[in-house]
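Undergrad:
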Amino acid sequence: MHQALTRRSTRLNLVAAVAFVLGGSLFALGAAFAQLAVVSLPVVNVTYLVGGGFFTLGGYVSILLADNSDTDERMRWWSFRLRLRSWLSAFVLFVGTLFFAVSLVAAFAAGLTPRQSDGWIWLPDMTGCVCFLVSGHLAMLDVGAGHVRVLTHLVGWWVVAVNQLGSVLFFLAGIAAFTRPATSSAIDTGLVNWGTFAGAACFAVGGVIQAFDTPTPTRTVVQQ
18 MHQALTRRST RLNLVAAVAF VLGGSLFALG AAFAQLAVVS LPVVNVTYLV
68 GGGFFTLGGY VSILLADNSD TDERMRWWSF RLRLRSWLSA FVLFVGTLFF
118 AVSLVAAFAA GLTPRQSDGW IWLPDMTGCV CFLVSGHLAM LDVGAGHVRV
168 LTHLVGWWVV AVNQLGSVLF FLAGIAAFTR PATSSAIDTG LVNWGTFAGA
218 ACFAVGGVIQ AFDTPTPTRT VVQQ
């Protein structure tokens, strides 16, 4: 039974890792396209959207990994385990990817006013960024047994640390993406693109590191 649990966790971990590598790589590619203006805007948006799909897949599989890490029973495809810190981190991350999806789909709309752009694109994007930051903090607490610690000897810590750096960069890029009504342009387009590129690269690297991590059963719960 233990071997079956280990194999299942290893497979789920690999799927999540590959999803984040692909999602991060496509986001980085989309940001590079946008900054260098080498392709049309629809191509940039499609690249981001496909990358966002992989991020959502990675988020959901992360929930499965946390939800099935301590049982030899049949696969649980969905449940609420709010006291399990690893599950809560994965769930908040997944919710963040859904907010990103709203923003990515809305980006295809043409002729939006600054207010509409901020409401349909910027606000969901920023909400997703906040979710990623919260998820990363919960993951830090999980890997540090309730404390934010520097544990460079743990592969899992590096995954969380690199991803959290990516989340910070996404957040900075998100702030810079606010459309100013007076100019109908973003606060800092360069920061939007390069921040997104660097943040996405962090998630791609984090995914590569995660692929070499070995999941272990956990019963870590959120301290009340």
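Counting in our numbering, the final residue of the sequence shown is number 241, and the numbers go up one at a time with none missing. Cβ atoms here follow ideal geometry from the backbone N, Cα and C, with glycine treated the same way. Computed from a prediction, not measured in an experiment: that's the story for all the values here.
1. Do glycine 113 and leucine 70 count as a contact pair if the criterion is CB distance below 8 Å?
2. Note the first and the last residue of the continuous alpha helix (DSSP H) segment covering proline 141.
3. Applying the 10 Å Cβ sphere with the 16-neighbour rule, what's the burial state of glutamine 227?
4. Proline 232 to tryptophan 137, Cα distance in whole Å?
5. Got a sec, what are the start and stop residues for the alpha helix (DSSP H) phenylalanine 108 sits in?
6. Considering only DSSP beta bridges, list what alanine 203 is partnered with.
7. Just verifying my parser: in three-state terms, what is the DSSP assignment at threonine 23?
8. So leucine 155 and serine 106 are supposed to be a Cβ contact under 8 Å. How far apart are they, rounded?
9. In terms of residues, what are the limits of the alpha helix (DSSP H) holding asparagine 85?
10. Contact defined as beta carbons within less than 8 Å: I believe valine 32 pairs with valine 60. What is the distance between those atoms, to the nearest angstrom?
11. By Cβ distance, which residues of its chain are closer than 7 Å to aspartate 230, with the 5 residues on each side in sequence left out?
12. Identify whether proline 232 lies in helix, strand or coil by the three-state DSSP scheme.
13. Whose CA, out of Ala203, Thr213 and Ala199, lies closest to the CA of leucine 186?
14. Using the three-state DSSP reduction, which class does phenylalanine 71 fall into: helix, strand or coil?
15. What are the boundary residues of the alpha helix (DSSP H) that serine 96 is part of?
16. Using alpha carbons as the reference points, say which of Gly68, Ala190, Gly191 and Met157 lies closest to valine 179.
17. Please state if the CB of aspartate 142 and the CB of phenylalanine 117 are separated by a distance shorter than 8 Å.
18. Could you compute how far the alpha carbon of serine 103 sits from the alpha carbon of alanine 199?
TA: The structure says:
1. The question names leucine, yet the displayed sequence has glycine at residue 70. Going by C-beta atoms, glycine 70 is not nearer than 8 Å to glycine 113.
2. Element bounds for proline 141: 140-160.
3. With 16 or more Cβ atoms within 10 Å of its Cβ, glutamine 227 is classed as buried.
4. A direct Cα-to-Cα measurement between proline 232 and tryptophan 137 gives close to 37 Å.
5. Its alpha helix (DSSP H) spans residues 102-123.
6. Note: alanine 203 sits in a beta bridge opposite Thr196.
7. The answer is helix: DSSP assigns threonine 23 an H, G or I state.
8. Contact check for leucine 155 and serine 106: beta-carbon distance about 4 Å, within the 8 Å limit, so the pair qualifies.
9. No alpha helix (DSSP H) contains asparagine 85, which DSSP labels as neither H nor E.
10. 27 Å between Cβ atoms; not a contact.
11. The answer, listed in chain order, is Asn30, Val172, Gly173 and Val176.
12. Taken through DSSP and simplified to helix, strand or coil, proline 232 comes out as coil.
13. For leucine 186, the nearest C-alpha among the options comes from Thr213.
14. Correct three-state label for phenylalanine 71: helix.
15. Serine 96 -> no alpha helix (DSSP H), and no H or E assigned at all.
16. Scanning Gly68, Ala190, Gly191 and Met157 for the CA closest to the CA of valine 179 turns up Met157.
17. In this structure, aspartate 142 lies closer than 8 Å to phenylalanine 117 by Cβ.
18. Distance from the CA atom of serine 103 to the CA atom of alanine 199, rounded to whole angstroms, is 43 Å.
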